[in-house]
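J.: In full-length UniProt numbering, the protein residues as written are 1 to 170.
1) Starting from residue 130, trace the beta strand (DSSP E) both ways and give me its first and last residue.
2) Could you tell me the distance, in whole angstroms, from the CA atom of residue 27 to the CA atom of residue 154?
3) What number of angstroms, rounded off, separates the C-alpha of residue 120 from the C-alpha of residue 126?
4) For a minimum of 3 consecutive residues, which ranges assigned as the beta strand (DSSP E) are wholly contained in the UniProt domain "Helicase ATP-binding" (2-159)?
5) Could you have a look at residue 167 and say whether DSSP puts it in helix, strand or coil?
6) In angstroms, rounded to a whole number, what distance separates the CA positions of residue 65 and residue 86?
7) By Cβ distance below 6 Å, which residues in the same chain neighbour residue 161 in space, the five residues on each side in sequence not counted?
8) Near residue 158, which residues of its chain fall below 8 Å by C-beta distance, leaving aside the five closest residues on each side in sequence?
9) Using the Cβ count rule (16 or more neighbours within 10 Å means buried), how would you classify residue 81?
10) Is there contact here, the segment 133-141 with the segment 94-102, by at least three beta-carbon pairs under 8 Å?
11) Using CA coordinates, which residue listed in 9, 124 and 113 is at the minimum distance from residue 193?
12) Name the residue from 133, 22, 137 and 46 whose alpha carbon lies nearest to the alpha carbon of residue 9.
13) From 130, 103 and 69, pick the residue whose C-alpha is nearest to that of residue 90; which is it?
14) According to the neighbour-count rule (16 or more other Cβ atoms, all chains shown, within 10 Å of its Cβ), is residue 20 buried or exposed?
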């Protein structure tokens, strides 16, 4: 991950379930000197899991989970420093106006199959977020067809695989 970051490339961590993707991300976040907040986007059911994993490994990284009503979420996001913000795909989609003007150090998408369809509002929302480094986590980068990987790559390195129509046809 550090090498990809140094080369200004995004990355896919596609290890099978149970092989430690979460721990690898925590270790990465511990090792990088971040001057800005980082963002982890995950299914809502995994927000507490991420918090627990940071605590389990005695991480020195400060975390900030975003949930509650709109006013609460807006307040939490208004004064970010170098915390790791943890939110759900649904909250991100609803609160895009709060996120699109924040320059994050790193954005990590957990369960990246949530953006496999480039036409969904979630996929379009995550692509609007600014960050120095982008990483996706998935145990299943390809489920049905090769076309699914295009949206993930378009998030990681916009334009790398050309536009969708060109990629799909060729």
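Just so you know, even glycine gets a beta-carbon here, dropped at the ideal spot from N, CA and C.
T.: From the atom records:
1) Counted from its first residue, the chain shown places residue 130 at position 130. Start and end: 130-137.
2) Locating residue 27 in the chain shown gives position 27, where the first residue counts as 1. Locating residue 154 in the chain shown gives position 154, where the first residue counts as 1. C-alpha separation (whole angstroms): 26 Å.
3) Here residue 120 refers to the residue found at position 120 of the chain shown. Here residue 126 refers to the residue found at position 126 of the chain shown. If I take the Cα positions, the gap works out to 10 Å.
4) Listed in chain order, the beta strand (DSSP E) elements of length 3 or more contained wholly in the UniProt domain "Helicase ATP-binding" (2-159) are 11-13, 38-42, 63-65, 84-88, 103-109 and 130-137.
5) Residue mapping note: residue 167 aligns to position 167 of the chain shown, counting from 1. Residue state for residue 167 is assigned as helix, using DSSP reduced to three classes.
6) Here the question's residue 65 lines up with position 65 in the chain shown. Here the question's residue 86 lines up with position 86 in the chain shown. Roughly 5 Å between the two C-alpha positions.
7) Here residue 161 is taken as the residue at index 161 of the chain shown, counted from 1. Taken in chain order, the residues that qualify are 150, 153 and 167.
8) Along the chain shown, read from residue 1 onward, the residue named residue 158 stands at position 158. Cβ neighbours of residue 158 beyond the five flanking positions: 127.
9) Within the chain shown, residue 81 is the residue found at index 81, counting from 1. Answer is exposed; the Cβ neighbour count stays below 16.
10) These segments do not touch.
11) It is not possible to answer for residue 193, since the shown part of the chain is limited to 1 through 170.
12) Mapped onto the chain shown, residue 9 falls at position 9. Closest option to residue 9, Cα to Cα, is 133.
13) Counting from one through the chain shown, the residue named residue 90 turns up at place 90. Nearest of 130, 103 and 69 to residue 90, Cα basis: 69.
14) For the purposes of this step, residue 20 is taken as residue 20 along the chain shown, with counting starting at 1. Around the beta carbon of residue 20, fewer than 16 other beta carbons sit within 10 angstroms, so the residue counts as exposed.
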